[in-house]
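Beneath this line is the structure, given in structure tokens, with notes to follow.
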Amino acid sequence: MLQAIRKLQSRSFPSDRELWNHVDSMALFMLFLLVSVTVLILSQLVLQDFPNSADEHAYLFQAQIFAAGTISVPAQPQQEFFSPFYIHTYQNTVFSIFPPGWPLLLSLGVRCGYPQIVNPVIAGLTVPALYFLSWLLFGRRNAWITVLLVILSPFFLFNSASYFSHPACFLGILLMTSGFVLWLRSEQVIFAVMAGFFFSGAFTIRELTASALSIVLFVSIFSQTKRKLIFILYFFMGAMPLLSWYLWYNAELSGSWFVPPRFLMPGERLGFGFREIRVFDYVREQYFGPSNALSNLMLNLGRLLIWTFPFTPILAAYGLIRKSNQKWFRTLASVLICLPAVYFFYPSDGGNQYGPRFYYESLGFLAMPAAEAILLLKEYGKNRAKRRLMKTIVLFILIIHVIVMAQITFDFAQQIYQRRTLFRLVERRNLHHAIVFVGASSGTMTQGDLIRNPPELSAANVLYAWDQGKKNRELMDRFPERSFYFFGYDRINGSHYITPIRPNPEK
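Its first residue numbered 1, the sequence shown is counted upward by one per residue in the numbering used here.
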């Protein structure tokens, strides 16, 4: 494989300044370390190692199940008291509704006792993967600018510091696309197998995202390759192991190969119309229509401007227009349309998130034409006056970037501190062998998002349960050996509190 890549380098880039050299390799290694450490520090100091959404908690929950060597756990009596959003009970088993690929990767960190390092390492690996793909398509200068535009964006840094699945899916998509390009340049079967394997990896992490991006890229490659049947054969050969595991996983949890666990919840289906939201005896029909979809689209496009490096989307549009006569830029334009188009039909704008996360996997494809635009604009500033203007603009952009990063960092540090109020109070009260009924939100985190329990309930020192008023007695009778507390909010004093409901009878 390495020999084939070296041949491609000499054939594809006649200009020496576009060749990959040893300095690049050393710089990429240093960037891998720098990005991994920076993201890890961000996750610990700003995001406080806190799964800041129900999605992140559900991923970590399933990773803990995988780390224990199984794919679900038996439901306990009164299980509904202990299950938050996206933790589903079906046929007396409990599991996360999300695809298994990311929890499987995260379980490696759980087994080691450090789940918080998995995404930072993936962020570091994304640097050489992104550089390699950009270099393959557009050369060395574009590749370096692309990498810098991505790793300097709060969109990349904050998602990489989280427990979200997007960074792992992004890495899979980049490696899949590299396999596509290498196949097109050499038609060696190893690259078709590589593309298929990383497609299936991304698919087991985020099915909708991987499918949308892969279809466009697959069609583009398929239309250009001469050995079409060989390409299809080896692509699916590479994809088959992980796709088979994914289908088996579906069948074990939902009873059908082709019904992912998430579709056991009606609210997760694509499309317009009414959908049922059910928690305990509470049932509500929620309508999602074209006006809601358009509102979500506009919100997320606005967020994209804020969360990327300043003016990246605008530069990308300029680069795509200027280079619209080149096939790869037309392909990039199609790829960038995919995720907004597909998630237009998804009944959520992303919820608790760091930027428009449904578009995250297209970040690298957005940065490539933006990098090309910067190279085009660089040619503009050749005389002294224009150079001075360009330097002023660059300084202005950097100032904007620092201000935006500082504001986002402050806002999320404050938000997460407020959301962790419940857990801080439990630590301060030094509760042991207790159950806390959650009867209030914490900051902007809803009651349902605060129900955070491990898969094995008996292993938890403190359990968190939905407050259901008179029904709470059922749970108290089921766990007579535990102490019970209530978490609420005093509107008069403007503060949260934890108060005992019934003392432990053994005291």
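We put the CB at the ideal spot given by N, CA and C, even for glycine.
Cβ neighbour criterion (16 or more within 10 Å) applied to residue i
{"i": "THR444", "result": "exposed"}
{"i": "ALA341", "result": "exposed"}
{"i": "GLY494", "result": "exposed"}
{"i": "MET194", "result": "buried"}
{"i": "ASP55", "result": "buried"}
{"i": "MET176", "result": "buried"}
{"i": "TYR417", "result": "exposed"}
{"i": "ASN453", "result": "buried"}
{"i": "ASN250", "result": "buried"}
{"i": "ILE403", "result": "exposed"}
{"i": "VAL259", "result": "exposed"}
{"i": "LEU305", "result": "exposed"}
{"i": "TYR114", "result": "exposed"}
{"i": "ILE451", "result": "buried"}
Straight-line gap, residue i to residue j (C-alpha atoms, nearest Å)
{"i": "SER160", "j": "PRO480", "result": "42 Å"}
{"i": "ARG322", "j": "GLY364", "result": "19 Å"}
{"i": "PRO14", "j": "ARG185", "result": "In this prediction, PRO14 has a pLDDT of 43, which is less than 50 and means its spatial position is unreliable; what the coordinates show is noted afterwards. Rounded to the nearest angstrom, the two C-alpha atoms are 15 Å apart."}
{"i": "VAL121", "j": "VAL147", "result": "16 Å"}
{"i": "VAL181", "j": "GLN224", "result": "11 Å"}
{"i": "ILE97", "j": "ASN430", "result": "33 Å"}
{"i": "ALA212", "j": "LEU339", "result": "7 Å"}
{"i": "GLN407", "j": "PRO154", "result": "11 Å"}
{"i": "PHE423", "j": "PHE199", "result": "39 Å"}
{"i": "TYR547", "j": "PRO100", "result": "For the chain, the structure presents residues 1 to 507; residue 547 sits outside this window and is missing."}
{"i": "ASP16", "j": "ILE215", "result": "Bear in mind that a pLDDT of 47 at ASP16, under 50, signals an unreliable position, so the number given afterwards is only what the model happens to contain. Distance between the alpha carbons of ASP16 and ILE215 is about 34 Å."}
{"i": "SER178", "j": "TRP20", "result": "16 Å"}
{"i": "GLY233", "j": "LEU247", "result": "Note on residue identity: the sequence assigns Leu, not Gly, to residue 233. Answer to the nearest angstrom: the Cα atoms are 20 Å apart."}
{"i": "GLN326", "j": "VAL394", "result": "28 Å"}
{"i": "VAL436", "j": "GLY124", "result": "39 Å"}
{"i": "PHE486", "j": "PHE66", "result": "32 Å"}
{"i": "SER295", "j": "GLY355", "result": "16 Å"}
Contacts around residue i, its chain only, beta-carbon distance under 7 Å, and the 5 residues preceding and following it disregarded
{"i": "VAL118", "result": "LEU105, LEU106, LEU108 and GLY109"}
{"i": "PHE138", "result": "MET368 and GLU372"}
{"i": "ARG357", "result": "ASN159, PHE164, HIS166 and GLY350"}
{"i": "CYS169", "result": "ALA202, ILE205, ARG206, THR209, ALA210 and GLU361"}
{"i": "ILE400", "result": "PRO310"}
{"i": "TYR343", "result": "PHE358"}
{"i": "SER220", "result": "THR331"}
Residue i - containing alpha helix (DSSP H), residue span
{"i": "THR204", "result": "189-205"}
{"i": "LEU242", "result": "228-254"}
{"i": "ILE306", "result": "290-307"}
{"i": "LEU104", "result": "101-112"}
{"i": "ALA58", "result": "54-67"}
{"i": "PHE170", "result": "166-186"}
{"i": "TYR318", "result": "312-322"}
{"i": "GLY483", "result": "In the sequence as displayed, the identity of residue 483 is Ser instead of Gly. Where SER483 is concerned, there is no enclosing alpha helix (DSSP H), although the beta strand (DSSP E) it sits in stretches over 483-490."}
{"i": "ASN472", "result": "472-478"}
{"i": "THR38", "result": "22-45"}
Own chain, CB closer than 8 Å to residue i, minus 5 neighbours either side, in chain order
{"i": "ASN142", "result": "SER134, TRP135, MET368, ALA371, GLU372 and LEU375"}
{"i": "HIS88", "result": "VAL94, PHE95, SER96, ILE97, PRO261, LEU264 and MET265"}
Span of the beta strand (DSSP E), counted from its first residue to its last, around residue i
{"i": "THR89", "result": "87-90"}
{"i": "ASP459", "result": "Correcting the residue type first, residue 459 is Ala in the shown sequence and not Asp. Looking at the DSSP string, ALA459 is not in any beta strand (DSSP E), and its letter there is neither H nor E."}
{"i": "VAL94", "result": "93-96"}
Residue i Cβ short of 7 Å to the ligand MG heavy atom set
{"i": "ILE492", "result": "With respect to small molecules bound, the structure shown includes none, and the ligand MG cannot be examined in it."}
Chain-order list of residues whose beta-carbon lies under 6 Å from that of residue i (same chain, five-residue window excluded)
{"i": "HIS22", "result": "none"}
Discussion item. List, from N- to C-terminal side, the beta strand (DSSP E) runs of 3 residues or more that fit wholly inside the stretch 405-444.
Written reply: 434-438
Discussion item. Runs of 4 residues minimum, wholly inside the stretch 107-160: which ones carry the alpha helix (DSSP H) assignment?
Written reply: 118-138, 140-151 and 154-160
Fill in: Secondary structure, alpha helix (DSSP H): runs of 4+ residues fully inside the stretch 344-393
363-380
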